[in-house]
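In this note's numbering, the protein residues as written are 60 to 325.
Heads up, the beta-carbon is just placed ideally off N, CA and C, and yes, glycines get one too.
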């Protein structure tokens with residue numbers, strides 16, 4: 060059995076209907092009852108991850124929140140920060156200016172607020188309500204006073220791909236660029252990934268990477284899947300994730316997590 064079970068959210072823990080299936084909840088609950096801790100590792104902000112945990116109905120003392128693709132990691136029960144790596148403000152200022160070349164919206168999520176560069180931004184309602192955040196539209200995103208752990212650019216897939224191709228030329232040496240969904244381009248500080256966050260959790264727990272099982276589906280899960288002692292790609296995962304995983308399970312709509320966990324916790 061594994062001592063830490065790590066799950067990406069969208070495309071992994073969530074079905075395509077943005078729900079957690081009853082079988083998945085039961086499988087995770089069994090793992091916790093047998094001593095496993097849980098890490099919810101996502102590009103979502105910490106506040107949004109708290110909502111996800113509430114859906115699982117497991118003790119908060121067993122849960123770690125890995126938000127913003129690993130830029131901030133906290134304990135769910137007392138909000139103690141284990142790791143925090145906000146972006147350099149000179150870099151964020153450059154990115155906010157740069158994104159104006161493309162038909163995309165920029166989003167920054169903090170503790171209670173989602174700042175948006177456009178009032179009618181692509182997926183704005185989903186991002187705010189899904190993460191339990193209020194919306195503040197700012198023409199000048201440089202005026203955000205809180206720490207910025209991640210910038211999310213949202214737009215139609217063709218435009219997101221066009222921006223990614225260009226951003227790799229100008230920013231690949233300055234920040235991490237990852238596609239978490241066809242309509243999302245995520246930017247973090249250079250070196251930020253979910254694996255570093257899981258390593259911080261392992262240090263806190265006093266365990267080794269061999270004690271970790273991780274589930275993911277997208278580009279921002281690659282390092283986490285490689286870090287874990289046992290990495291599992293969902294059936295709906297990208298080819299890149301499937302290539303490095305120890306196992307490919309069924310999809311997020313076909314109980315992929317439960318099928319694996321039930322082999323170890325029963």
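For the set 242, 238, 245 and 249, the Cα lying nearest the Cα of residue 232 is the one of 249. Bounds of any beta strand (DSSP E) do not take in residue 325, whose DSSP letter is neither H nor E.
Cβ-Cβ distances below 6 Å link residue 296 to 276 in the same chain, with the five nearest sequence neighbours on each side left out; the list follows chain order. With a cut-off of 8 Å on Cβ pairs, the segment 193-206 is not in contact with the segment 117-127, counting fewer than three such pairs. Residue 290 is bridged by DSSP to 273.
Considering only 105, 152 and 176, the residue with the shortest C-alpha distance to residue 139 is 105. Rounded to the nearest angstrom, the Cβ distance from residue 135 to residue 257 is 15 Å, too far for a contact under 8 Å.
Rounded to whole angstroms, the gap between the alpha carbons of residue 290 and residue 315 is 13 Å. Take residue 223, set aside five residues on each side of it, and the residues of its chain with a beta-carbon closer than 7 Å to its own are 236, 238 and 244, in chain order.
Taking every protein chain shown into account, the CB of residue 173 has 16 or more other CB atoms within 10 angstroms, so this residue is buried. Around the beta carbon of residue 61, 16 or more other beta carbons lie within 10 angstroms, which makes this residue buried. Per DSSP, residue 235 is not a residue of any alpha helix (DSSP H); the beta strand (DSSP E) it occupies stretches across 234-240. Bounds of the beta strand (DSSP E) holding residue 194 are 193-196. In the three-state DSSP reduction, residue 306 falls in the strand class (E or B). The segment 73-81 makes no contact with the segment 92-106; the number of CB pairs closer than 8 Å stays below 3.
The residues 128, 130, 209 and 235, in chain order, have a CB closer than 6 Å to that of residue 247 in the same chain once the five nearest residues on each side in sequence are set aside.
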